[in-house]
Structures are given as structure tokens and as C-alpha cells.
Amino acid sequence: MHEAAVRGITMVTPALLDHSPQAKADAGFHKSAFRIDWKVRQARCPQGRTSTGWFPVRQHGRDAIVVQFARTDCHACPVQDKCTTSARGTRILSLRPKELHETLTDARAEQATKTWKTKYALRAGIEGTINQALDVTGLRRARYRGLPKVRLQHAFSATAVNVIRLDAHWNPGQPSFTPRTSRLTRLSHQLAARTRN
480 MHEAAVRGIT MVTPALLDHS PQAKADAGFH KSAFRIDWKV RQARCPQGRT
530 STGWFPVRQH GRDAIVVQFA RTDCHACPVQ DKCTTSARGT RILSLRPKEL
580 HETLTDARAE QATKTWKTKY ALRAGIEGTI NQALDVTGLR RARYRGLPKV
630 RLQHAFSATA VNVIRLDAHW NPGQPSFTPR TSRLTRLSHQ LAARTRN
């Protein structure tokens, strides 16, 4: 997402969510509740305490920053149980480098808006169509060699998906999923019957 933003491309895709225990439980202080001061390399917690450790590290093959708060500050905090579940009793934040962190924070904030959800609904519909074409017709791999034959395979696959969608429209009470071969066989019989009538 960051590389796309640098190139002026806006990706309409969900950002990875905060995986901290507080975010998963939707209780306590998420990462977004902490104010990061990149110049002085410190973080400020919701209770106004500043971090005492800032350590650039490699996590899972990527650059990251581990921010630690003092044990004395965390143990004396009246809302410690909302902030950390660690055995040490102190909060530790894992951050991406500044540019990546800010891109991710902005993306998480944007995906909560109604405008973003409307845009993503369009993408989800397109992805559903592509996924249906892959599942029904095996479109992931070309069965033939040469561009004209592959183009013809794509045209037939698109036609098959359209026929399946028409069948779903004409028969709304049918099961939503049947195996590929039986569905195509059933549809070809129904289509032949309709053309005879």
C-alpha cells in the first residue's frame, strides 16, 4: 500500500488490522491511542506517560521499532489492566518505520468511513465475479496454447458464468452451490430445453 501511495496509486483494499490483545477484544487502549513523536523517538500513552525505550529491530524479516514503557510508570497506572496483559505488567508497542506506520494508520482510519465502504463494495462485487469464473470454469490456467485459443476459452468461460447467473435469476430457490461438472451439465440441459420451447 505504501509503495502504491508513493507512486500516486490509491489501493482500495482492506488494511491489516491491529492484532494487539486490546484491539482483538475491542477493549482497552489500541495502538492508535498512543501518540508517536518520531523526532524525539518517544511514544506517549493515553495517561500522559512517555516511553523510555525505542529500539529499531528486525521482526519477521522486516524493519520495525519496539517501544517500551517504564515498569514504574505502568505498575502505578490506575488503568493498567486496560493497557497491557503482559506478565511484566508493562506495555510494549511494535511499530513499522514512520512512513509505513503513517500509511497504515491513515488506511485503517479511511476504511472505517462510509465512502471507502461504498468503493470497496464495488471491488468486492468484481472480485466475486472473478472468483466465480475461477471456480466454475477453471480459468486460472489456460487449457490451450496460442492467444486466439486462449481468447476463445475466456469468451466461453464468460458465457458459462453468464448462463449460471441467468439460471440463478430464473430459479431463485435453488441451492447456492453445486459442483462444477454437475452444474454445467444441468445448465446445458436446461438451456437446451429453453431453446426448444
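Take the numbering used here: the final residue in the sequence shown is number 676, and no numbers are missing along the way. Glycine is no exception: its CB is placed at the ideal position from the N, C-alpha and C atoms. Quick caveat, the model's predicted, so the values are computed rather than measured.
Residue i versus residue j - alpha carbon distance
i: Q653; j: Q669; result: 13 Å
i: R537; j: R644; result: 49 Å
i: N610; j: D560; result: 44 Å
i: T616; j: G607; result: 14 Å
i: V558; j: D552; result: 11 Å
i: I515; j: T594; result: 27 Å
i: Q590; j: P493; result: 7 Å
i: S573; j: L626; result: 49 Å
i: D497; j: A512; result: 12 Å
i: H539; j: R575; result: 12 Å
i: A502; j: L631; result: 49 Å
i: L579; j: V640; result: 40 Å
i: L495; j: A634; result: 36 Å
Burial state of residue i (16 or more Cβ within 10 Å)
i: I544; result: buried
i: V519; result: exposed
i: L618; result: buried
i: A672; result: exposed
i: A647; result: exposed
i: P658; result: Bear in mind that a pLDDT of 48 at P658, under 50, signals an unreliable position, so the number given afterwards is only what the model happens to contain. With fewer than 16 Cβ atoms within 10 Å of its Cβ, P658 is classed as exposed.
i: A586; result: buried
i: K596; result: exposed
Endpoints, beta strand (DSSP E) assigned at residue i
i: W533; result: 532-538
i: I515; result: 514-516
i: Q573; result: It is Ser, not Gln, that sits at residue 573 in the sequence shown. Residues 571-574.
i: V546; result: 541-547
i: A522; result: 521-523
Residues near residue i in its chain [Cβ-Cβ closer than 7 Å; skip 5 each side]
i: V629; result: A621, Y623
i: T582; result: M480, H481, A484
i: F548; result: C524, R528, S530, T531, T569, R570
i: T564; result: P500
i: W533; result: R520, Q521, I544, V546
i: W517; result: K577
i: V491; result: K598, Y599, R602
i: L613; result: R619
i: S636; result: A612, T616, L618
Cβ-based neighbour list, residue i, same chain, cut-off 6 Å, excluding 5 preceding and 5 following
i: P535; result: I544
i: R550; result: T569
Residues of its chain near residue i, where Cβ-Cβ distance is below 8 Å and the 5 sequence neighbours each way are ignored
i: A506; result: K561
i: W649; result: none
Extent of the continuous alpha helix (DSSP H) run through residue i
i: D497; result: Note, D497: premise wrong, no alpha helix (DSSP H); not H, not E.
i: D646; result: 626-649
i: R550; result: 550-554
Residue i at chain D interface by Cβ criterion, 9 Å
i: G540; result: No chain D is present in this structure, which holds just one protein chain.
Contained beta strand (DSSP E) runs [length at least 3] in the stretch 556-627, N- to C-terminal order:
List check, beta strand (DSSP E) in window: 571-574.
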